[in-house]
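First the structure, in the form of structure tokens, and then the observations on it.
Protein chains: 2
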Amino acid sequence: MRIGELAAATSLSPDTIRYYEKAGLLPDPARTPAGYRAYGPEAVDRLHFIQGAQRLGLRLEDIRNLLAIRDTGTCPCEPAADLLTRRLAELDEKIRHLEVLRAEMAAMLDALPAEDCPQPTPGTWLTPERRC
Amino acid sequence: MRIGELAAATSLSPDTIRYYEKAGLLPDPARTPAGYRAYGPEAVDRLHFIQGAQRLGLRLEDIRNLLAIRDTGTCPCEPAADLLTRRLAELDEKIRHLEVLRAEMAAMLDALPAEDCPQPTPGTWLTPERRC
DNA sequence: CTTGACCTTGGAGTGGACTCCAAGGTTTAT
DNA sequence: ATAAACCTTGGAGTCCACTCCAAGGTCAAG
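Residue numbers (my numbering), protein chains in the order written: chain H, 751 to 882; chain S, 751 to 882.
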């Protein structure tokens, strides 16, 4: 299939696919006599893999490394486990941080309808001498 | 005080402060006869405000708008409430998404030491025909 | 006085993941 | 045949929040 078809099959743009190829995520594809890229169905799979990994928050660099290991025919489970473990720890940290922030902001929002502007809880959020 | 002193007082770099001024977050400061920027203590407060709002995930553009309202002498509580409400909704969404992701990744990690590579749960994460 | 730290300006660079542009060739449907 | 959609390449632009560079002036301590 051609790049437009691959793009449609994966909800990506042709430019993005060309970008991925340049970034080393996709191998150089076969070409038509006119120089057009010619992809097989395995390219759809590969892009789905990339998209799945992106959903998990992996950067393209990480995904490229995983793909490189996979392409050698060796088992990518250990590197995948390493990446997943790292990502899990990052996610836990991120969730914790967001929950703290959420609590702070909810508290600020609760305090807003008060006669005075709220105390600057997370820093000088709103200047205390300002009266609402 | 001079820009270096203001930077030290706020843990920002002089370049960042100059950047904020250019981005409209800080008013043009007074100058020394040599052309150096001269700040009063209110600049520290203003930068603390900015830093606090950034911690909440607000972009500089949003903070600039809030500051502009504040600078007119009107009460910024309603715009702040709007921003906070919006940010709360965004945070809730983000937390939910991260928690779903976390669960998926934990499940994938649990499945990894199995004899076969796990089924591609979030998409073709790992090609099923690959055996570990 | 000397030297090093500090300051100025305009503008370019960084990171990461795309997206757009220009110029021109190819394919497909009417 | 024609026109529009599709494709190619190299390279620049976008987003956002900084950070760095170059060239030169100013300040403060020794």
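Even for Gly, the Cβ is constructed at its ideal location relative to N, Cα and C.
Quick caveat, the model's predicted, so the values are computed rather than measured.
Check, Outcome
"Looking at the unbroken alpha helix (DSSP H) that takes in Asp842(H), where does it start and where does it end?", "Cys827 to Ala861"
"Rounded to a whole number of angstroms, what is the C-alpha to C-alpha distance between Glu840(H) and His847(S)?", "14 Å"
"Cβ of Leu762(H) within 8 Å of Cβ of Leu808(H)?", "no"
"If you draw a straight line from the alpha carbon of Leu834(H) to that of Met855(S), how long is it in whole angstroms?", "7 Å"
"Does the Cβ of Tyr786(H) have 16 or more other Cβ atoms within 10 Å, making it buried, or fewer, making it exposed?", "exposed"
"Buried or exposed for Gly802(H), please, with buried defined as at least 16 other CB atoms from any protein chain shown within 10 angstroms of its CB.", "buried"
"Compare the C-beta of Leu775(S) against all C-beta atoms of chain H and say whether one is closer than 8 Å.", "no"
"Do Leu859(S) and Leu838(H) have their C-beta atoms within less than 8 Å of each other?", "yes"
"Of the choices Cys827(H), Glu811(H) and Arg805(H), whose alpha-carbon is the least far from that of Tyr770(H)?", "Glu811(H)"
"Within the 8 Å Cβ cut-off, does Met858(H) reach chain S?", "yes"
"In chain S, which residues lie with their C-beta within 7 Å of the C-beta of Lys844(H)?", "Leu848"
"How big is the Cα-Cα spacing for Leu806(H) and Arg781(S)?", "50 Å"
"Given that Met855(H) touches chain S, what residues does it touch there, using C-beta distances under 8 Å?", "Leu806, Leu834, Arg837, Leu838 and Leu841"
"Any beta-carbon of chain H closer than 8 Å to the one on Arg852(S)?", "yes"
"Note down, in chain order, each residue of its chain lying with its Cβ closer than 6 Å to the Cβ of Arg768(S), except the 5 sequence neighbours on either side.", "none"
"With a threshold of 6 Å on Cβ separation, who are the neighbours of Ala793(H) within its own chain once the five nearest residues in sequence on each side are excluded?", "Leu756"
"Grouping DSSP H, G and I as helix and E and B as strand, with all else coil, what is Arg752(H)?", "coil"
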